[in-house]
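Structure first, commentary second.
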Amino acid sequence: MSFYMTYAGRLSYAVGAFVAGVAANRHGRKYIFVAGGVVYIIGALVAAFTTNFVASSLGRVAGGFGIGMGLLVGPIYIAETAPSTTRGYHGTFPQVLMAVGTITAYLLELALVRVPRHVAWRVMAGALTLPTGFFTYFVFSRWFSDTPCWLMMIGQVRLAEELMERCGATGAEPWDRREQLEHVAGFPYRSIVDPRRVDLFPGRITGFWAQVEDQFGSQVRDLCSTTVLLVAQEVTCEQMALHLVPIILVRNGFGSLPSFSVVLMVLACAKLIATTASLHGVGRSMAGRRRLLLAGMGLAGCSLGLLAGTSFADAHERIGRGAAFVLLSFEIFALQAAIGIAVGPIPWMYGPELFPLAVRAPSVGLCLTLKFLSTLLFNWALGGFVLYSTFDRVWLGFLIAFGLTVVSFLVSFRLARDTTCRVLVDDP
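Heads up, our numbering is the position in the sequence shown plus 83, with the first residue counted as 1.
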């Protein structure tokens, strides 16, 4: 039954992201974000207090639907509100909060280790409604308006200008307020005369991607590149670092779940430190999105390659159980550092900065939907095999993740030149 509950929740992520992408263009970013928070709270409360399997599954589906809506609107809201000179900082900071949330979840898990299981998971589900409820109310309050981009899209230019001034863009950008609005709305600098023509990639694209652009247009090219980055991010961060490795270690005798939670907290702290350090790099124009993304993908590929090439069964016999555990922990530590540097924050920023305003929310929603469906297929096809296998066959899961990381690295190197935000910051 837990199998169906887990996959129903993951599938609702995709549905929520797609629905929110379509609705955010019609009703604005703010109210869709609030709607996602309300749906998540209802689902979490139903899952926490129900005693029926069907009702619990519906609660999990509703919670996943709300999460999918929030994952879509959050990055778009930040990208459309923050000035380009500080957007790197603002876009990366949610990843810092995610790392803090991961550590908090592990601490709560340790605190509930002596609580009966049928009570502990209800506490975990219900506790999340408190911060979600507070933040949803805060966003719904008068202190948060909708984004200046959406206000401009519906014709409220004066209100959008006032909001941009409140956000601190005036005086921080090398152009006047109208050009700020058009820039944040998705129109590149010095293309304001014809805003319908948006070309975010300077230079000529050749080869396969040139054929894609000729046949289907640049939007399909952008959708493909963003989706590849998001799928690789999900497999690298979520499936490998957070799900597969802990369960494999516990089931093969490398410590009980409480003791391993301490190790996971150490790894989460490594991710937190790396993400905090990347705040400065992402925000600086000399680094840009692409360079950090290449560095993070390269480090993640190396660590996944080591994980795929290490025979843990042989290491267990040759160097002992403790040394094998230390070896694997070191490789996972490198993977967490790569996630914190770039693999975590950068793909979330590419979509909102890449797509023009008229199709931004639906395009990002489609990318997230394809991401969740792809990782759901990955879980179904490979997850069970890897989770119930011994260490001598675990390399297959890491090898597939390594291949996805290499593909995303090549996409980043060949196609994902920096977004409009980076180009504008560098342009005097």
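Where a beta carbon is used, it is the ideal one built from N, C-alpha and C, also for glycine. Every value quoted in this text rests on a predicted model; they were computed, and no experiment measured them.
Euclidean distance between Cα positions of residue i and residue j
i	j	result
Gly423	Leu355	7 Å
Tyr96	Thr169	29 Å
Ala91	Phe227	33 Å
Val98	Gly151	7 Å
Arg372	Ile483	25 Å
Leu460	Arg109	31 Å
Arg205	Phe136	13 Å
Ile237	Val156	18 Å
Ala203	Gly381	39 Å
Val179	Gln316	16 Å
Leu193	Thr358	24 Å
Glu244	Gly111	17 Å
Gly120	Val240	28 Å
Gly379	Ser491	11 Å
Gly104	Leu234	17 Å
Gly118	Cys450	The question names Gly, but residue 118 in the sequence shown is Ala. Their Cα atoms are separated by approximately 21 Å.
Val311	Ala353	25 Å
Ala383	Phe485	8 Å
Beta-carbon proximity of residue i to residue j, cut-off 9 Å
i	j	result
Thr185	Pro231	no
Gly434	Phe101	no
Val349	Leu453	no
Phe148	Tyr123	yes
Ala127	Ser139	no
Ala351	Ala182	yes
Leu375	Ala425	yes
Pro177	Pro158	yes
Leu154	Thr309	no
Gly142	Leu362	no
Gly146	Ile161	no
Leu211	Phe455	no
Limits of the unbroken alpha helix (DSSP H) element including residue i
i	result
Glu192	170 to 194
Ala129	Checking the sequence shown, residue 129 turns out to be Val, not Ala. Here the alpha helix (DSSP H) through Val129 covers 112 to 132.
Thr452	443 to 461
Glu163	136 to 164
Ile422	Here Ile422 belongs to no alpha helix (DSSP H), and DSSP marks it neither H nor E.
Arg197	Neither: Arg197 is in no alpha helix (DSSP H) and is coded neither H nor E.
Thr230	Careful: Thr230 lies outside any alpha helix (DSSP H) and carries neither H nor E.
Ile402	Taken as a continuous stretch (DSSP letters only), Ile402 belongs to no alpha helix (DSSP H), as it is neither H nor E.
Val318	Where Val318 is concerned, there is no enclosing alpha helix (DSSP H), given that its DSSP letter is neither H nor E.
Trp431	428 to 437
Task: Sufficient close CB pairs (3 or more, under 8 Å) joining the segment 439 to 446 to the segment 414 to 426 - done: Flag = no, the segment 439 to 446 and the segment 414 to 426 do not touch.
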